[in-house]
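Read in order, the letters of the sequence shown are residues 25 to 329 in the working numbering. Worksheet: the structure to be examined is printed underneath.
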Amino acid sequence: MDIEASGVCHSDVFTVEQQRPEVELPTIPGHEAVGEIVETGKDVEAWSEGDRVGIGWHGGYCGDCESCRRGNFNMCRNGEISGVTRDGGHAEYMTARSEALANVPSELDSEDAAPMMCAGVTTFNALRHTDARPGDTVAVVGVGGLGHLGVQYASESGFETVAVSTSNDKRELAKELGADHFIDSSNGNVAQQLREIGGADVALVTAPAAEAVEQVIPGLGTDGEVTVVGVPGSPVETSVGQLIASRGSVSGWPSGHAKDSEDTMDFGVLRDVHTMTETYSLDQYEQAYQSMMENEARFRAVVLP
Ligand SMILES: [Zn+2]
Ligand SMILES: [Zn+2]
């Protein structure tokens, strides 16, 4: 693939800081890449030179393991991870496995589409696997790279959407993205404010922080679900009594496979969901990474090689 755009995700940290055992340096990080195919392998029939494709965290599956045989390709036990087990997208070119590629709709430019390969598919796919129905209250915790898309997906899916952020300066923007309510988590009790609007049926936690998970659990409505997609750097402490009292649950959701990414982009085209990006050249990657790590990126840093 000739890379046209490559989003900078918080999970780049696993490679940059070598936080996962699979990382063997040198490895190029990046798992939100969109580009054009310049050459295909000899057995590849699904794609041709010139196709515009994207690849996300899911970098390929084996087809033979227990998970694959049940059709859970994203849960493959021998799966590849872009930018972790093989070189990723922060480069001029990358190789990718055929089954991990998603077709990018012509309506989306590459800079817009790249973040949908992780930030987008992770939030979209997590939301559509909850029990939330139109009209239910869905809180999106964190309005960053993932959350600014999550708010749009929640709103466009017909949920009463609550944006929760530590930055009050994101209030107006969150409303523009479709949030019906905004909770400034730096000021006041998040759970109490959630309960005041009836309690959350779903809280999608995109902020990679333990307290982001902890603060919403007491704000769940009956049978409420906390779905965590941002990976906190420290353990989550919670009162199980709160979960029992609400019949609540906390679960995680890991991204999606190529078809999920296509669904995400198609939904984006259908409902006018777009990524808000700040762009960097390839040799500015370190700057882009810092902007993301310091929660300053508005909202997704994207490298344009
Ligand atoms: Zn990611
Ligand atoms: Zn497998």
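C-beta atoms are modelled at their ideal positions from N, C-alpha and C, and glycine is treated no differently.
For the pair MET317 and CYS92, the Cα-to-Cα distance works out to about 34 Å.
Between GLY54 and GLY31, the alpha-carbon positions lie close to 7 Å from each other.
Looking at the DSSP output, ILE221 bridges to nothing.
Remark: the C-beta of ASN96 is outside contact range of ligand 2, defined as less than 6 Å to any heavy atom. If the five residues before and after VAL40 are omitted, its C-beta is found closer than 8 Å to the C-beta atoms of PRO53, TYR313, all from its own chain and listed in chain order. Taking non-hydrogen atoms of ligand 1 into account, the C-beta of SER30 is found less than 6 Å away from none of them. At least one heavy atom of ligand 1 is found less than 6 Å from the C-beta of SER35.
Each residue's CA atom was taken as its position, placing SER285 and THR230 some 18 Å apart.
Scanning its chain for C-beta atoms nearer than 6 Å, with the 5 sequence neighbours on each side dropped, one finds around GLY113 the residues ILE27, SER30, GLY54, ALA57, in chain order. Between PHE323 and ALA234, the alpha-carbon positions lie close to 21 Å from each other.
Under the three-state reduction of DSSP, HIS82 is assigned to strand. Under the three-state reduction of DSSP output, THR262 falls in the coil class, being neither helix nor strand. Remark: fewer than three beta-carbon pairs, one from each stretch, lie closer than 8 Å, so the stretch 88-105 and the stretch 303-312 are not flagged as touching.
Taken through DSSP and simplified to helix, strand or coil, ASP75 comes out as coil. The beta carbons of LEU228 and LEU151 sit about 6 Å from each other, so the pair counts as a contact at 8 Å. Checking the DSSP bridge columns, you'll see HIS205 partnered with VAL186.
If you look at GLY292, you'll find it in the alpha helix (DSSP H) that goes 282-295.
Shortest gap from the CB of ASN127 to any heavy atom of ligand 2: 6 Å or more. In the three-state DSSP reduction, ALA231 falls in the coil class, being neither helix nor strand. A residue is called buried once 16 or more other Cβ atoms fall within 10 Å of its Cβ, and GLY59 is buried on that count. Per the C-alpha coordinates, the member of PRO256, GLY223, GLU63 positioned closest to PRO242 is GLY223. Inclusion of TYR85 in the 6 Å shell around ligand 2 follows from its C-beta lying nearer than that to a non-hydrogen atom of the ligand.
Around the CB of TYR117, fewer than 16 other CB atoms lie within 10 Å, so the residue is classed as exposed.
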